[in-house]
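The opening residue of the sequence shown carries number 232 in this note's numbering; numbering runs sequentially from there. Just below is one structure, and these are the notes that go with it.
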Amino acid sequence: MDLDEAGPSSRPAGVSLDELATSSHDPSQSRSHAALLRVFEDRKVSRSLAVPTADHAVRQKLRDLGEPQTCFAEANVDRRERLRDVLVKERQRRIEAGDVEGEEDVRSEGSDGEEEEQDEEFFTEGTDELLEARRDIAWYSLARAKKRIHRQRCEAKVPLEELVGLRNRTYEPFKHFTSLGSQPASDRPISQVRFSPCTGSLLATASWSGQLKLWSVPSCSPHPHRDYRGGHTDKIGGLAWHPQATQGQSAASVNLATGGAEGNVCLWSLDKDTPVATLKGHEARVARVAFHPSGNYAASASFDGTWRLWSLNSPSPSSILMQEGHSREVYTVDFHPDGSLLGSGGLDALGRLWDLRTGRAAMVLDGHAREVLALDFHPMSGHHVVTASGDDTVKVWDMRALKSIYTIPAHTSSVADVRFFRGGSAVGGAKVNGAGKEEDMDTSHDVADSSSQPQLSASGLYLCTAGYDGLVKVWSSDDWQLLRTLSGDNGKVMSVDASPTGEHLASGEWGRTFKLWGAL
């Protein structure tokens with residue numbers, strides 16, 4: 232029931248004002264109305280409370296409040312929610328007892344969001360390993376940003392007709408796109424599909440059965456080492472390719488990462504059917520995973536309300552950062568192409584951008600009406616990021632203006648995935664050494680050097696979305712208009728990706744199959 236509809240300005244048809252006034256004095260209705268208001272007030276207070284994330288801290292807080300530390304068959308996430316309810320009741324008790332501080336706390340929760348964030352913001356001292364990682368990321372991202380800006384300045388000199396020609400050549404094949412085939416890939420829904428980087432000759436599929444499989448493109452035939460088992464005991468929600476993943480590497484090389492509902496992140500090699508490493512630390516389901524552009528770090532989003540940054544530099548990868556900031560489960564993460572920022576999206580309907588070099592929150596993406604299910608950065612512009620939500624829309628955010636600049640009415644049901652096209656060299660293809668710093672960065676050419684003519688790339692010219700309405704859609708990224716709609720036949724589309732060559736799209740479906748789309 233909407234509270235606005237229950238206000239004094241509305242009354243049922245056929246009921247006089249005198250009758251309405253008389254009924255308003257009915258004690259039972261007054262109590263019901265007060266109870267309803269109390270429920271909504273408690274929900275508001277509950278969302279604003281800062282509740283510990285670590286299970287040991289949650290247990291200690293419950294013990295301090297005189298509550299049992301655990302209940303029968305209670306999981307870590309359930310224990311945290313119980314603590315939230317206890318804190319709400321404790322605050323209400325303080326207010327009823329006339330505790331002035333309790334009343335001030337409640338009033339402060341109704342103040343503007345900036346003051347509320349300042350009250351709840353806190354910092355914890357990091358480790359030396361995290362400090363070194365931040366320095367490493369800073370050197371890497373500054374070099375990438377310098378290269379990207381130099382490239383953009385050169386591209387600004389390219390004649391408009393060349394840019395229009397590239398745009399038309401990129402969009403033309405979509406007129407002829409159709410389904411090239413549908414392949415059963417699991418006995419449960421396909422959660423994510425991702426093409427291998429560079430050539431896109433392999434397609435990885437992850438499913439709710441806990442299986443990771445590889446398929447050759449475009450034949451859709453199973454890869455020789457197609458089944459990767461032994462890593463997850465529950466459904467796989469996250470899947471990502473290492474940015475330098477190639478075949479023929481040693482069995483110890485990391486090529487893929489997956490996140491499972493049991494709370495683990497597994498690192499895989501193409502030549503080994505068991506995980507190279509299993510990263511443990513999350514206390515609940517891992518929803519999405521992503522690799523840093525340098526390949527030296529990975530991130531994971533979890534239902535325990537945090538996202539983690541993992542260092543892959545050592546023989547035994549470890550967690551170097553556990554970041555709070557969302558009031559509910561964190562569902563998705565992704566890295567900025569420069570490597571400087573990380574974006575996270577949660578079931579609290581918010582997206583957040585984090586500066587990996589300082590640890591500070593850089594921007595709050597507040598505008599969706601429901602949960603944020605996917606997030607992706609524009610691979611070329613450096614200042615655009617898109618978020619897909621359960622409110623059926625995709626929002627485009629400008630990080631320079633710190634606001635949403637466009638809302639795409641993408642689907643008639645939840646938008647499960649959004650991906651920009653990535654093809655060619657994203658920022659010049661500089662070599663990367665083991666420390667994550669770019670080598671051979673020739674930046675001697677400045678804007679005044681007219682002989683510097685970049686090779687135009689189609690990266691970022693379009694993005695594709697997957698919806699629970701059973702559709703895959705392709706959108707232009709300059710005016711955000713619809714280019715093509717592709718319809719499946721197996722219900723919800725869970726994931727979508729575009730191959731680096733631009734010749735194919737792949738979609739993972741609820742009906743336990745994946746589809747390959749392309750021109751005949």
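Glycine residues also receive a C-beta, built at the ideal position from the N, C-alpha and C atoms.
Residues sharing a beta bridge with V485, DSSP:
Locating residue 485 in the sequence shown gives position 254, where the first residue counts as 1. DSSP lists no partner for V485.
Residue interval of the alpha helix (DSSP H) (run including L362)
If you number the sequence shown from 1, residue 362 lands on position 131. Segment 359 to 386, the alpha helix (DSSP H) holding L362.
Let me know if K320 comes out buried or exposed under the rule of 16 or more other beta-carbons within 10 Å of its beta-carbon.
Looking up residue 320 in the sequence shown gives position 89. Label assigned to K320: exposed.
Would you identify the three-state DSSP class for P404, choosing helix, strand or coil?
Sequence index remark: in the sequence shown, residue 404 carries index 173 (1-based). It is helical.
Separation of H609 from E403, as counted between CA atoms
Taking the first residue of the sequence shown as 1, we reach residue 403 at position 172. Taking the first residue of the sequence shown as 1, we reach residue 609 at position 378. Each residue's alpha carbon lies about 21 Å from the other.
Distance, C695 Cα to P420 Cα:
For this step, residue 420 is matched to residue 189 along the sequence shown. For this step, residue 695 is matched to residue 464 along the sequence shown. Straight-line Cα distance between these residues: approximately 20 Å.
Return helix, strand or coil for A288, following the three-state DSSP convention.
The residue labelled residue 288 in the question sits at position 57 within the sequence shown. Three-state result, A288: helix.
Looking at C-beta atoms only, is the number of pairs between the segment 381 to 396 and the segment 544 to 558 that lie closer than 8 Å three or more?
no
Quick one: Cα of N399 to Cα of A689, how far?
Here residue 399 refers to the residue found at position 168 of the sequence shown. Here residue 689 refers to the residue found at position 458 of the sequence shown. Taking the straight line joining both Cα atoms gives about 11 Å.
Excluding the five sequence neighbours on either side, which residues of its own chain have a C-beta within less than 6 Å of the C-beta of S682, listed in chain order?
Here residue 682 refers to the residue found at position 451 of the sequence shown. Only weak support is given to the placement of S682: the predicted model assigns it a pLDDT of 46, under 50, and the value that follows is read from those uncertain coordinates. In its chain, beyond the 5 residues on either side, no residue has a beta carbon closer than 6 Å to the beta carbon of S682.
Measure the alpha-carbon distance for D607 versus E298 and round it to whole angstroms.
Translated into positions along the sequence shown, residue 607 becomes position 376. Translated into positions along the sequence shown, residue 298 becomes position 67. Approximately 42 Å, taken between the alpha carbons.
Would you say the beta carbon of G461 comes nearer than 7 Å to a heavy atom of the ligand GTP?
The ligand GTP is not part of this structure, which contains no ligands at all.
Are at least three pairs of beta-carbons, each pair with one atom in the segment 553 to 567 and one in the segment 498 to 507, less than 8 Å apart?
no
Please go through the same chain and pick out, in chain order, the residues whose beta-carbon is closer than 8 Å to the beta-carbon of E750, but skip the five residues on each side of it.
As a working mapping, residue 750 is identified with position 519 in the sequence shown. Residue identity differs from the one stated: residue 750 is Ala in this sequence, not Glu. Around A750: P404, H407, F408, T409, E734.
Outcome for A529 when other beta-carbon atoms lying within 10 angstroms are tallied against a minimum of 16
For the purposes of this step, residue 529 is identified with residue 298 of the sequence shown, where counting begins at 1. Buried: at least 16 other Cβ atoms inside 10 Å.
In the DSSP output, which residue or residues are listed as bridge partners for W541?
Position 310 of the sequence shown, counted from the start, is the residue given in the question as residue 541. Per DSSP, A529, S550.
Can you list, in chain order, the residues of its chain with a C-beta nearer than 6 Å to that of R516? Leave out the 5 residues immediately preceding and following it.
What you label residue 516 is simply residue 285 of the sequence shown in a count that begins at 1. Setting aside the 5 residues that flank it on each side, R516 is surrounded in the same chain by A492, F534, each with a C-beta closer than 6 Å to its C-beta; the list follows chain order.
Measuring CB atoms only, is the segment 716 to 726 touching the segment 624 to 640, in the sense that at least three cross pairs come out at less than 8 Å?
no
Could you check how far apart the C-beta atoms of V727 and L736 are, in whole angstroms? I think they sit under 8 Å.
Reading the sequence shown from its first residue, position 496 is the one you call residue 727. Reading the sequence shown from its first residue, position 505 is the one you call residue 736. Right, the Cβ-Cβ distance comes to about 7 Å (below 8 Å), so this counts as a contact.
Report the rounded CA-to-CA distance for S738 versus V703, giving the unit in angstroms.
Position 507 of the sequence shown holds residue 738. Position 472 of the sequence shown holds residue 703. Their backbone Cα atoms lie some 8 Å apart in a straight line.
With DSSP as the reference, please indicate the residues paired to H642 in a beta bridge.
Residue numbering aside, residue 642 sits at position 411 when the sequence shown is read from its first letter. For H642, which the question treats as bridged, DSSP gives no partner whatsoever.
Considering only residues of the same chain and omitting the five flanking positions on each side of G412, which have a CB-CB separation below 6 Å?
In the sequence shown, counting from the first residue as 1, residue 412 sits at position 181. Closer than 6 Å at Cβ, skipping near neighbours: C451, L747.
State the start and end residues of the unbroken beta strand (DSSP E) segment that holds L747.
The residue given as residue 747 occupies position 516 in the sequence shown. Segment 744 to 750, the beta strand (DSSP E) holding L747.
So for E356, helix, strand or coil by DSSP?
On the sequence shown, position 125 is the one that residue 356 refers to. In this structure, E356 counts as coil in the three-state DSSP scheme.
Going by beta carbon distance, what residues of the same chain come within less than 6 Å of H615, once the five residues before and after it are set aside?
By one-based count along the sequence shown, residue 615 stands at place 384. So the qualifying residues of the chain are H609.
In the structure shown, what three-state DSSP assignment does H264 receive?
For the purposes of this step, residue 264 is taken as the residue at position 33 of the sequence shown. Helix.
With respect to the beta strand (DSSP E) encompassing L717, which residues constitute its N-terminal and C-terminal limits?
Translated into the one-based positions of the sequence shown, residue 717 becomes position 486. Element bounds for L717: 713 to 718.
Thinking R425 and A435 are a contact (beta carbons under 8 Å), I'd like their distance in whole angstroms, please.
For the purposes of this step, residue 425 is taken as the residue at position 194 of the sequence shown. For the purposes of this step, residue 435 is taken as the residue at position 204 of the sequence shown. Between A435 and R425 the Cβ distance is about 5 Å, and since that is below 8 Å, they are a contact.
Alpha carbon to alpha carbon, how far is H454 from D629? Give it in angstroms, no decimals.
The residue given as residue 629 occupies position 398 in the sequence shown. The residue given as residue 454 occupies position 223 in the sequence shown. Cα-Cα distance, rounded: 40 Å.
Hey, could you find the ends of the beta strand (DSSP E) V561 is sitting in?
Against the sequence shown, residue 561 aligns to sequence position 330. Element bounds for V561: 561 to 566.
For L714, which residues from the same chain have a beta carbon less than 7 Å from its beta carbon, with the 5 sequence-adjacent residues on both sides left out?
Along the sequence shown, one-based indexing puts residue 714 at 483. If we look at L714 and ignore the five residues flanking it on each side, its Cβ neighbours are Y402, F405, Y693, V705, W706, S707.
Where E392 sits in the DSSP three-state scheme
Taking the sequence shown and counting its residues from 1, one reaches residue 392 at position 161. Reduced to three states, the DSSP call for E392 is helix.
Start-end ranges of the beta strand (DSSP E) lying completely within the segment 413 to 470, minimum 3 residues:
Here the runs fully enclosed are 421 to 426, 433 to 438, 443 to 447, 453 to 459.
Where DSSP assigns a beta bridge to W628, which residues make up the other side?
One-based indexing of the sequence shown puts residue 628 at position 397. Bridge partners of W628: V616, S635.
Could you please give me the residues that DSSP links to D535 through a beta bridge?
Within the sequence shown, numbered from 1, the residue matching residue 535 stands at position 304. None; D535 has no bridge partner.
G577: buried (16+ other C-beta within 10 angstroms of its C-beta) or exposed?
In the sequence shown, the residue the question calls residue 577 occupies position 346. Buried, since its Cβ has 16 or more Cβ neighbours within 10 Å.
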